[in-house]
Amino acid sequence: MNSTKIRLSKQPSESFVHTAQLMLPEHANTLGNVHGGVIMKLADEAGSLAAMRHAGSHAVTVFVESMTFDKPVQVGFLLHFNAKVTWVGTTSMEVLVKVDSENPLTGDTVETNSAFFVYVALDDYRKPTLVPELSCETEVEQEMMDSGEKRRLQRIGDSK
Ligand SMILES: CC(C)(COP(=O)(O)OP(=O)(O)OC[C@H]1O[C@@H](n2cnc3c(N)ncnc32)[C@H](O)[C@@H]1OP(=O)(O)O)[C@@H](O)C(=O)NCCC(=O)NCCS
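Going by our numbering, the first residue of the sequence shown is number 3, and it counts up by one from there.
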């Protein structure tokens, strides 16, 4: 990593990303509901966009933490992906992605999935590079940042 880089600071809200995708028959599993892998891929895409916004560089997925599948998602529903950086290390960033499923006929929306993703920012030589610090604006954001250190230790211990 280039240690001469000046470290900037950004707010979590600056990384916020919302994406949406209509679920079609091509997204279905054998039961006719949406395939979990489709949801994971779209969540990872939204999460990586949030990480890239924060880092201002490319970011690759290095860890996915226990995605929940709380309710089945029906074909014909609109999935919303909301992603925001919740913790940063030196070159890595944790992003919480929440997924909501909307019935487009009624507007009724329920949360169906959530997961933490960890990304590493890469420089032009594809080496890990320094990311901006996180400057929290709300108590919730600060709590997420503080508890992020515990989650990092649970993931990788003191080894990295
Ligand atoms: C991401 C990658 C470049 C990191 O390389 P590395 O040699 O482990 O780099 P480092 O040891 O310097 O670690 C870099 C950061 O990643 C973090 N990290 C590494 N492995 C991790 C893991 N399993 N879980 C969480 N964080 C991890 C380290 O803690 C470190 O964070 P910090 O700088 O904030 O302290 C390398 O693992 C890689 O190329 N992985 C494949 C990524 C990929 O192809 N993803 C799928 C497609 S996007």
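For glycine and all other residues, C-beta sits at the position ideal for the given N, C-alpha and C.
Would you decide whether residue i is buried or exposed? Buried here means 16 or more other CB atoms lie within 10 Å of its CB.
i	result
PRO106	exposed
THR70	exposed
ILE41	buried
TYR121	buried
PRO27	exposed
Just to check, is the beta-carbon of residue i closer than 7 Å to a non-hydrogen atom of ligand 2?
i	result
SER94	This structure does not include ligand 2; its bound ligands are ligand 1.
Does residue i come within less than 8 Å of chain D when only Cβ atoms are used?
i	result
VAL62	Here chain D cannot be found, since the structure has a single protein chain.
Give me the residue from the options with the minimum Cα distance to residue i.
i	options	result
GLU113	GLU135, ASP126, GLU151, PRO74	PRO74
THR93	GLN13, ALA61, GLU28	ALA61
LYS38	SER68, ARG128, HIS56	With the sequence shown as reference, residue 38 is identified as Gly, and Lys is not the correct amino acid for it. Measuring from the Cα of GLY38, the nearest candidate turns out to be SER68.
ALA123	GLU96, HIS29, VAL101	GLU96
ALA53	ASP110, GLN76, PRO14, LYS152	PRO14
Taking only the alpha-carbon atoms, compute the straight-line gap between residue i and residue j and give it to the nearest angstrom.
i	j	result
ARG9	ASN35	45 Å
THR131	THR32	42 Å
GLU135	LYS12	6 Å
SER149	ASP46	21 Å
_Measuring CB atoms only, is the region 10-19 touching the region 82-96, in the sense that at least three cross pairs come out at less than 8 Å?_
yes
*Is there contact between the region 106-124 and the region 136-145, where contact requires at least three CB pairs shorter than 8 Å?*
no
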